[in-house]
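Engineer: One structure coming up, written as structure tokens, with questions to follow.
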Amino acid sequence: MRIGVLTGGGDCPGLNAVIRAAVRKGTKEYGHEFVGFRYGWKGPIEGITQPLDWDSVENILHQGGTILHSSRTNPYKIEGGVEAIKKNMAELGVDALIAIGGEDTLGVATKLTADGVNCVGVPKTIDNDLSGTDYTFGFDTAVNIATDAIDRLWTTAESHDRCLVVEVMGRHAGWMTLHAGVAGGANVVLIPEVAFDMDKVAAYVRERKEAGKSTVVAVSEGAHAEEGMVLKDGEVDAFGHVKLGGVGDWVAAQIKERAEIETRAIILGHLQRGGTPTAFDRVLATRLGLEAASAAEEGDFGKMMALRGTDIVRIPIHEGTDVLKTVPTERYAEAEIFFGN
Ligand code: F6P
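The sequence shown begins at 8 in this note's numbering and counts up one residue at a time.
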């Protein structure tokens, strides 16, 4: 069997570990051949490939990013996109695809499966917002980076008696902000799932200031105040997602004005996606890649590899993407105990 592998959407620490595991198991156990498609779905649409064999995945386990490169290309938004994928796969002798991605990439894999393309899905996202899997790889790394940032912000916040607002990635789900906020001891955590009251946030900061304490506020890029969403610009990607960012600056300005404390905003941005994956993410990504090779061998297409407890299982891809996994109110309530002074 000849298998094409692609990585789509935002990059994520652990992608290379999946690629390595799938290629190594597929080659060693089943005698599969592999071909890399570059730039997500753009690769099979335009026939952009790179060699992918036992040796080409040497020494990539610990590397962040993706050796296959990525893009947010949507074949269903490109005239003739799906036909081009089928044609290129046939010409290259590719029988099946292993698509490693988040809601958008796997959403395309679901549609392509229905359109007759053999797809196996591997979930990835630092946002941890895919359903059907306990965790996605990349999340642990991103949370550790954000937690380390908060630890560092504390010492400078305290030295200057300031309030520091740290904006954390996470488009629709506040998992990263919640976990980094709780792990880093943030005094307020704001997530997309719960509209926040700016007066209340300012009151928490003021109460700490009056007690002679500095404050760290963790805010998710997708969080919004009750009065509405703050956006830098209206730019939208091929999957219809508005580019986020800007809420951290807004919250900082509001705190400065309402709590009368010197406040700074720090946007972690792509720092959270870069660099080497944690051991947890490397192991999870490796296990998902191994299972994806087996699913392809067995012809078990239209399935997404998922973590359930300590097991790797296969579920229909759409179960991962139909409904995004957001933070439940009871998990947010755990963080709320620590708000304010
Ligand atoms: O989906 C992962 C993610 O990192 C989100 O947290 C963030 O909103 C988005 O990607 C940023 O995308 P880009 O790198 O295209 O700006």
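No residue lacks a Cβ here, since even glycine has one placed at the ideal position from N, Cα and C.
Using C-beta distances below 6 Å, list every residue in its chain close to Arg265, excluding the 5 sequence neighbours before and after it, in chain order.
Structural biologist: If we look at Arg265 and ignore the five residues flanking it on each side, its Cβ neighbours are Ala209.
Engineer: Return the residue from the list Gly252, Ser138, Ala286 and Ile105 that minimises the CA-CA distance to Asp329.
Structural biologist: When only C-alpha atoms are compared, the closest one is Ser138.
Engineer: What are the residues that DSSP puts in a beta bridge with Ser227?
Structural biologist: Looking at the DSSP assignment, Ser227 forms a beta bridge with Val175.
Engineer: Take Ala24 and list the residues in its own chain whose beta-carbon comes closer than 7 Å to its own, dropping the five residues that flank it on each side.
Structural biologist: Taken in chain order, the residues that qualify are Leu68, Pro284, Arg289, Ala292, Thr293 and Gly296.
Engineer: Between the Cα of Glu234 and those of His277, Trp257 and Gly87, spot the shortest distance and give me the residue it belongs to.
Structural biologist: It is Trp257 whose Cα lies nearest to the Cα of Glu234.
Engineer: Beta carbon of Val42, beta carbon of Val127: below 8 Å?
Structural biologist: The answer is no: Cβ separation not under 8 Å.
Engineer: Can you check the segment 75-120 for any alpha helix (DSSP H) of at least 4 residues that lies completely inside it and give the ranges in chain order?
Structural biologist: As far as the segment 75-120 is concerned, its whole alpha helix (DSSP H) runs of at least 4 residues are 88-99.
Engineer: Does DSSP classify Ala260 as helix, strand or coil?
Structural biologist: In this structure, Ala260 counts as helix in the three-state DSSP scheme.
Engineer: Around the C-beta of Glu337, are 16 or more other C-beta atoms found within 10 angstroms, so that it is buried, or is it exposed?
Structural biologist: Exposed: under 16 other Cβ atoms inside 10 Å.
Engineer: Hey, would you say the C-beta of Gly181 is under 7 Å away from at least one heavy atom of ligand 1?
Structural biologist: Incorrect: Gly181 has no Cβ contact closer than 7 Å to ligand 1.
Engineer: Report yes or no: do three or more beta-carbon pairs, one from the segment 307-314 and one from the segment 159-175, lie closer than 8 Å?
Structural biologist: Segments in contact, no.
Engineer: Is Met176 near ligand 1 - that is, is its Cβ less than 7 Å away from at least one heavy atom of it?
Structural biologist: It does: the Cβ of Met176 is within 7 Å (strictly closer) of some heavy atom of ligand 1.
Engineer: Quick test of your reading: Gly123 and Gly281, contact by CB under 8 Å. State the CB separation rounded to the nearest angstrom.
Structural biologist: Their Cβ separation, rounded to whole angstroms, is 37 Å, which puts Gly123 and Gly281 out of contact at 8 Å.
Engineer: Measuring CA to CA, which of Ala121, Thr120 and Thr140 is closest to Thr317?
Structural biologist: The candidate whose alpha carbon is nearest that of Thr317 is Thr140.
Engineer: If you draw a straight line from the C-alpha of Val254 to the C-alpha of Leu119, how long is it?
Structural biologist: Roughly 36 Å separates the two Cα atoms.
Engineer: What is the DSSP secondary structure of Val243, counted as helix, strand or coil?
Structural biologist: Val243 falls in the strand class under three-state DSSP.
Engineer: Confirm, please, whether the CB-CB distance from Arg31 to Phe246 is below 8 Å.
Structural biologist: Not in contact: Phe246 and Arg31 (Cβ atoms no closer than 8 Å).
Engineer: Just to check, is the beta-carbon of Glu6 closer than 7 Å to a non-hydrogen atom of ligand 1?
Structural biologist: Residue 6 lies beyond the residue range present for the chain, which begins at 8 and ends at 348; the question has no answer from this structure.
Engineer: Cβ of Val212 within 8 Å of Cβ of Ile268?
Structural biologist: A contact, by the Cβ cut-off of 8 Å.
Engineer: Check whether the segment 216-235 and the segment 185-203 are in contact - that is, three or more C-beta pairs closer than 8 Å.
Structural biologist: Short answer: they touch.
Engineer: Can you give me the start and stop residues for the beta strand (DSSP E) that Leu314 sits inside?
Structural biologist: Unbroken beta strand (DSSP E) run through Leu314: Lys310 to Arg315.
Engineer: Using DSSP bridges, identify the partner residues of Phe144.
Structural biologist: Phe144 pairs with Lys131.
Engineer: Grab the span of the alpha helix (DSSP H) containing Phe287 for me, first residue to last.
Structural biologist: Where Phe287 is concerned, the enclosing alpha helix (DSSP H) stretches over Ala286 to Glu304.
Engineer: Helix or strand or just coil, what does DSSP make of Ala272?
Structural biologist: Correct three-state label for Ala272: strand.
Engineer: At the level of alpha carbons, what is the spacing between Leu113 and Arg178?
Structural biologist: So the two alpha carbons sit approximately 17 Å from each other.
Engineer: So Pro51 is in the alpha helix (DSSP H); what residue range does that whole segment cover?
Structural biologist: From DSSP, the alpha helix (DSSP H) with Pro51 extends over Lys49 to Glu53.
Engineer: Assuming Ala103 and Ala342 make a contact with CB atoms under 8 Å, what is their CB distance in whole Å?
Structural biologist: Actually they are not in contact, since the Cβ atoms of Ala103 and Ala342 sit about 42 Å apart, beyond 8 Å.
Engineer: With H, G and I counted as helix, E and B as strand and the rest as coil, what does DSSP make of Gly255?
Structural biologist: Gly255 falls in the helix class under three-state DSSP.
Engineer: If we ignore side chains and look at the alpha-carbon of each, how far apart do Ser227 and Lys93 end up?
Structural biologist: If I take the Cα positions, the gap works out to 39 Å.
Engineer: Quick one: what's Phe203 bridged to in DSSP?
Structural biologist: The partner list for Phe203 (beta bridge, DSSP) reads Ala232.
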